[in-house]
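K.L.:
One structure follows; several queries about it will come next.
4 protein chains.
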Amino acid sequence: MASDQSKLKNDAKSEMDSPIEKCRRALQIKSQVVVNCLSELYGTCLLLFIGIGIVCQFDLSHKSLNTWIQINVGWGFAITFCVYTISKTSGGHLNPAISLMFYTFGKLPLIHVLYYSIAQTVGAFIGTALAYTLYYDQIRHALGAARIAVGPNATATLFTSMPPEHVSNVIAFYDQFVGTGFLALFVAVIVDKRNEIPVGIHPLLVGFVIAMIGMAFGMNVGYPINPARDFAPRLFAALIGYGPEMFTYHNYYFWIPIIAPFFGAVFAAWSYYLFVGFHIVDRHPSPIYMKDIKDDSGDSVPLKKNSDLA
Amino acid sequence: MASDQSKLKNDAKSEMDSPIEKCRRALQIKSQVVVNCLSELYGTCLLLFIGIGIVCQFDLSHKSLNTWIQINVGWGFAITFCVYTISKTSGGHLNPAISLMFYTFGKLPLIHVLYYSIAQTVGAFIGTALAYTLYYDQIRHALGAARIAVGPNATATLFTSMPPEHVSNVIAFYDQFVGTGFLALFVAVIVDKRNEIPVGIHPLLVGFVIAMIGMAFGMNVGYPINPARDFAPRLFAALIGYGPEMFTYHNYYFWIPIIAPFFGAVFAAWSYYLFVGFHIVDRHPSPIYMKDIKDDSGDSVPLKKNSDLA
Amino acid sequence: MASDQSKLKNDAKSEMDSPIEKCRRALQIKSQVVVNCLSELYGTCLLLFIGIGIVCQFDLSHKSLNTWIQINVGWGFAITFCVYTISKTSGGHLNPAISLMFYTFGKLPLIHVLYYSIAQTVGAFIGTALAYTLYYDQIRHALGAARIAVGPNATATLFTSMPPEHVSNVIAFYDQFVGTGFLALFVAVIVDKRNEIPVGIHPLLVGFVIAMIGMAFGMNVGYPINPARDFAPRLFAALIGYGPEMFTYHNYYFWIPIIAPFFGAVFAAWSYYLFVGFHIVDRHPSPIYMKDIKDDSGDSVPLKKNSDLA
Amino acid sequence: MASDQSKLKNDAKSEMDSPIEKCRRALQIKSQVVVNCLSELYGTCLLLFIGIGIVCQFDLSHKSLNTWIQINVGWGFAITFCVYTISKTSGGHLNPAISLMFYTFGKLPLIHVLYYSIAQTVGAFIGTALAYTLYYDQIRHALGAARIAVGPNATATLFTSMPPEHVSNVIAFYDQFVGTGFLALFVAVIVDKRNEIPVGIHPLLVGFVIAMIGMAFGMNVGYPINPARDFAPRLFAALIGYGPEMFTYHNYYFWIPIIAPFFGAVFAAWSYYLFVGFHIVDRHPSPIYMKDIKDDSGDSVPLKKNSDLA
């Protein structure tokens, strides 16, 4: 045992001298706000780079190199891995509506919701631009110089949601309220410590939620369910030639996937607590601060409560 | 270590002052029966909202925005997340036949099976109505004012099972007996503590069971395998214009997916115990009440038995 | 804490009085050989009931209610849940070739391989018959009275593998050797304690292996990779009217998916140990018998070895 | 308890006498470099055997026995299980670009990157040959004697990437930089101990990353994202009759999927650390060498750092 411990000490020492640990000591940013905004920007940039890539591959190959299920599953995995990437710093929101939900839970100051939203929108814009560049030859091959926002040959759905004529803006608002609501509701369920879902699979489950929403609520407007994900690529498309119709189309529909998600997320997440979450009986008798010290496994443990079990 | 503990105490204190914990203390319902019925109602409402949404997206887009595999996978994930949502209160049955199965296991009083079933049926009705509203513009666009229950242009399968002419009611009964049987059997396997399957992935596995049943036993009548899931949308469809043919069709088929699941669930779950479950040898020598106290990980541990190992 | 312990004792007591525990005490079979064979029979029966159901749904709906990926994923999940069902008794082989592999590992006496194989084949036969009954109306609707084993209108692939003319029996043997080999190889990897893969997800991973094999090695003869799975439905088909061509077709091909899997499974599993498994360095200094006592989590721990770490 | 311990000692003893443990003691290779190269060779051979099999089944069946999603999911699972197979010896790189990334992390000497790359390329060549043999009858049936590298009837994409005319080599380089970059980035995220992702699901997650990349970045050149995976089958194809056009095509494109992945992998993995990884605050107060001794669960634990928490 003794020799083992010294070997492990040596391992730990060499670990501390690795290039990553050295750079870490030199480059670590101390301000948590800066770190979190940087993470949200970076994560949302990756998300849109992947996500717009998925849609491009679907549309530009005329559905031969992707079908609708790959839109669902691909976006789901994109969320999964972008959340894994930044979950230990900012929490991995990637979505202003989710940030607002965490504000109402008391996990985030209100002003941070604004910071996060700006970072997410900037990241989404950069990610869109990177995906556009990557598929530039394919876009030129398929579309030529045409950038048509509206009509039978429109290709604006490469970037953002453009609802069909027969879906009213009232239904579109309801749709974004509901779609984001389900996302927020199940995120609230997954991160509720009382549900004891292992932390290590949270991002995987959130990805599956996204895939499921795309299968159930993707028909009306295409499930943006994220103000940053919808607005930033819309702005990008307007700038590269799709023009102001990106905003005027469908009686100024564009503000609906910006506004409705905030209401849906807060409403649905609190409905979970009202109907279910508040009423879960705490099982563990020991206080949370003792639990957390003993718990090395990364699994979540329920909060202490003055329950009738204690 | 000491400073750490005090920091954690502070964390725990601020956790106790969060909006969620405050509301919890104010709004928590003490009656377990009320809580459980509320949970089943809420969970089944979510389930049908998502599930009917999936079928609408499949049918109303003429299979361009969903294919059969998304019906399977989407319903599977819907079950997964609705079970996660309510598993810590009511157990997450979402299905009267599963509730009856747990009664035969001694986990639920018989009268509660009735309570649960009513809550599940009411929830399923509300969820159906919500999905119908969400897809109202699409339904009007695709169907106009027509609500045809039977015949070549029938669209009643948006809501509930309507078997083809060439499948007899005997086979339909057998099919619902078998389909619900496999669901109940594998649920019994998953929750049997002696199988030591981590509790945190139980709902995920149940979702995969649903998807698999849709791939193997979805052809005869469309795998309702749940009395509440089949009856409530059928009633809703009859009320919005599909008329009494929802119940008279196929020689009063409608009672089959209500009755057969109860028999199938109980038969199949007990067949598991007869052939396998009763014969699993307990490995752990220490009694279950000691185990449960030591076990913080959320993983299941086998029951104590006077086995030849002790 | 004290009141908690007494509450848990009461819980444990009422658990012991549940209908399941009472029946368990009355009905438990003591002979491990009988239990294991019963489990393999039951598990393989479930497997073929589901699996033949999947293929029927694919073929009889003319691929509208299943596509090739559902064959892969559906069979994968069928394996997953049938292994979960019987993994704590017989180990969940479901396949004579896997049983032989475990014999070469020293985990099973040779005579038990014979017992297991018989149980698996009988189970497979019963499962096939049950699936046939369930889809009887659909088969009659699609095929009428015709039971054609060979030729352009043949439907024998509903039950078993029938290779196309342009695939020689040499390639068919190689194909079954390789396909079963990959299954056995990855099963050996998954259950090798030195790989420290959590036991609770083993059956899930084995299911994914099956799905993958169907995507990579399903073209030549349709990946039976299991003597019991191929032979029992072939016999059933011959008996219900497909006749002796089930055995004479393709120059008596039928014995290839019976024999080749045994060679492939043993060869591939041992190739893993020769190239990789033997050379994994044991990390843990404490002996296995101490480990197993401390380990309550169901996770696997590596075996003790006289390594240079100790 | 005492009798239990002696039983477990007996179990451990018989475990030590199993055929596998006996062969292990006789055949274990002591040199870690040899073991690691052997593992990479074996793993990459399995990977290409499966992967080329998937593509053959897709192309030779004219997409009836695989669709694009099975390319994605199948390759993903192939990575998953090949990484599981060799993760405890060489670490399971299977890709020279990933090996170079680990060199920049200080986990691998530079000369070992060369050794690994050679082993991976040789393994990939052998795996390609084995898959070609397995599908020889199908290839002869579909292609006859023709081995056409370029043009409308070309079949070289059975083996390796051949970009369409309208994709420039600049975009091809960017594409391989990005695709491999995302792979390396998310591998870096997954194995970063500070992200506390359970080790037992790392290979599963890496497989999902591969599937996602195929859905988002598979259109330009077909996501080789691995120098060994692209070059070895290209050489094999050239040797069996596709000829020198395998290398001259598209203005000597062939070197792009060899070179670009190295740059992309290193750039993207370090971008993760710059934007996120360096800034994760260590939570655990106790040093890593104490943690590792206590941790039996196989879960990862964060590194000790002189953080403000201690």
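Chains as they are written, first to last, in this note's numbering: chain X, 23 to 332; chain L, 23 to 332; chain R, 23 to 332; chain E, 23 to 332.
The C-beta atom is built at its ideal place from N, Cα and C for all residues, glycine as well.
In this text the structure is predicted, and so the values were computed from the model without any measurement.
Considering only the alpha carbon of each residue, which of X:V228, X:R216, X:G240 lies closest to V189 (chain X)?
P.N.:
If we check each option's Cα against that of V189 (chain X), X:G240 comes out closest.
K.L.:
Identify the contact partners of Y106 (chain R) in chain L, using a Cβ-Cβ distance below 9 Å as the criterion.
P.N.:
F208, V211, I212, N217, I219, L227, listed in chain order.
K.L.:
Please state if the CB of P118 (chain E) and the CB of P249 (chain E) are separated by a distance shorter than 7 Å.
P.N.:
Cβ atoms of P249 (chain E) and P118 (chain E): closer than 7 Å.
K.L.:
Quick one: is P266 (chain E) near chain R, going by C-beta distance under 7 Å?
P.N.:
Chain R contact via Cβ: absent.
K.L.:
Going by C-alpha distance, which of L:L205, L:A171, L:N191 is nearest I72 (chain R)?
P.N.:
Among L:L205, L:A171, L:N191, the Cα nearest to that of I72 (chain R) belongs to L:L205.
K.L.:
Below 7 Å CB to CB, which residues in the same chain sit around A178 (chain E) once its five sequence neighbours on both sides are set aside?
P.N.:
Around A178 (chain E): A171, M184, A259, Y264, M268.
K.L.:
Have a look at Y154 (chain X) and L261 (chain L) and give me their C-alpha separation to the nearest angstrom.
P.N.:
Each residue's Cα considered, the two are about 49 Å apart.
K.L.:
Are the CB atoms of G145 (chain E) and L63 (chain E) nearer to each other than 7 Å?
P.N.:
Their beta carbons are under 7 Å apart, which means G145 (chain E) touches L63 (chain E) by this criterion.
K.L.:
Between I74 (chain E) and the rest of its own chain, which residues show a CB-CB distance below 6 Å, the 5 nearest in sequence each way excluded?
P.N.:
Excluding sequence neighbours, I74 (chain E) sits near T150, A153.
K.L.:
Is the CB of F230 (chain R) under 7 Å away from at least one CB in chain E?
P.N.:
Yes, F230 (chain R) counts as interfacial toward chain E.
K.L.:
Quick one: Cα of G136 (chain E) to Cα of V298 (chain R), how far?
P.N.:
Looking at the sequence provided, one finds Leu at residue 136 (chain E) rather than Gly. Near 20 Å, if we compare the C-alpha coordinates of V298 (chain R) and L136 (chain E).
K.L.:
Contact criterion: CB-CB distance below 7 Å. Does A238 (chain R) meet it with respect to chain E?
P.N.:
Yes, A238 (chain R) counts as interfacial toward chain E.
K.L.:
Short check: CB of T111 (chain E) to CB of N58 (chain E), under 7 Å?
P.N.:
Yes. Within cutoff.
K.L.:
Name the chain X residues that come within less than 7 Å of N88 (chain L), Cβ to Cβ?
P.N.:
Residues of chain X passing the Cβ test: W90, M237.
K.L.:
Report yes or no: is there a C-beta of chain L within less than 7 Å of the C-beta of Q142 (chain R)?
P.N.:
False, the Cβ-Cβ gap to chain L never drops below 7 Å.
K.L.:
Would you check if there are 3 or more beta carbon pairs closer than 8 Å linking the segment 123 to 142 of chain L to the segment 154 to 164 of chain L?
P.N.:
Too few Cβ pairs lie closer than 8 Å, so no.
K.L.:
Just checking: is the beta-carbon of S109 (chain E) within a distance shorter than 7 Å of some beta-carbon in chain X?
P.N.:
No, no contact with chain X.
K.L.:
Using a beta-carbon distance cut-off of less than 8 Å, what residues from the segment 119 to 152 of chain E approach chain X?
P.N.:
Cβ contacts with chain X: T126, F127, G128, K129.
K.L.:
Please confirm if V77 (chain R) has its CB atom under 7 Å from at least one CB of chain E.
P.N.:
Output row for V77 (chain R): interface = no.
K.L.:
Spell out whether any CB of chain L is found under 7 Å from the CB atom of P12 (chain R).
P.N.:
The structure shown does not extend to residue 12 (chain R), since chain R is modelled only from 23 to 332, so the question has no answer here.
K.L.:
May I ask you to check if the CB of D304 (chain L) is nearer than 6 Å to at least one heavy atom of the ligand ATP?
P.N.:
The ligand content of the structure shown is nil, which means the ligand ATP is not present either.
K.L.:
With 16 as the cutoff for other CB atoms within 10 Å, does S36 (chain L) come out buried or exposed?
P.N.:
Exposed, because fewer than 16 other Cβ atoms sit within 10 Å of the Cβ of S36 (chain L).
K.L.:
Quick one: what does DSSP say M184 (chain L) is sitting in, helix, strand or coil?
P.N.:
Here M184 (chain L) sits in coil by DSSP.
K.L.:
Pick out whichever of R:A194, R:T143, R:L180, R:G173 has its Cα sitting closest to the Cα of I161 (chain R).
P.N.:
Answer by Cα proximity: R:L180.
K.L.:
In angstroms, rounded to a whole number, what distance separates the CA positions of M38 (chain R) and S109 (chain L)?
P.N.:
In a straight line, the C-alpha of M38 (chain R) is about 23 Å away from that of S109 (chain L).
K.L.:
Indicate whether at least one CB of chain B lies closer than 7 Å to the CB of V200 (chain X).
P.N.:
Of the chains in the structure shown, none is chain B; the protein chains are X, L, R and E.
K.L.:
Given 8 Å as the limit, is there contact between the segment 222 to 241 of chain R and the segment 92 to 99 of chain R, that is, 3 or more CB pairs closer than that?
P.N.:
Touching, yes, given that three or more Cβ pairs across the two stretches are closer than 8 Å.
K.L.:
Can you tell me the Cα-Cα spacing of P309 (chain E) and A210 (chain E), whole angstroms?
P.N.:
With a pLDDT of 41 at P309 (chain E), under the threshold of 50, the modelled position of this residue cannot be trusted, and the question is left open.
K.L.:
Relative to the alpha-carbon of H163 (chain R), which residue among R:D81, R:A194, R:L130 has its alpha-carbon at the smallest distance?
P.N.:
For the residues R:D81, R:A194, R:L130, the minimum Cα distance to H163 (chain R) belongs to R:D81.
K.L.:
Going by C-alpha distance, which of L:N191, L:A141, L:L130, L:R169 is nearest D159 (chain R)?
P.N.:
Comparing Cα positions, the closest option is L:N191.
K.L.:
Closest by CA to D252 (chain R), which one among R:F285, R:N242, R:W277, R:R169?
P.N.:
The option with the nearest alpha carbon to D252 (chain R) is R:W277.
K.L.:
Is the beta carbon of R256 (chain E) less than 7 Å from the beta carbon of T182 (chain E)?
P.N.:
Closer than 7 Å, so yes.
K.L.:
On the criterion of 16 or more Cβ atoms from any shown chain inside 10 Å, does R47 (chain E) qualify as buried, or is it exposed?
P.N.:
Exposed.
K.L.:
Can you find the residues in the same chain that come closer than 7 Å, C-beta to C-beta, to F230 (chain L), ignoring five residues on each side of it along the sequence?
P.N.:
Cβ within range, chain order: G98.
K.L.:
Buried or exposed for T107 (chain E), please, with buried defined as at least 16 other CB atoms from any protein chain shown within 10 angstroms of its CB.
P.N.:
T107 (chain E) comes out buried.
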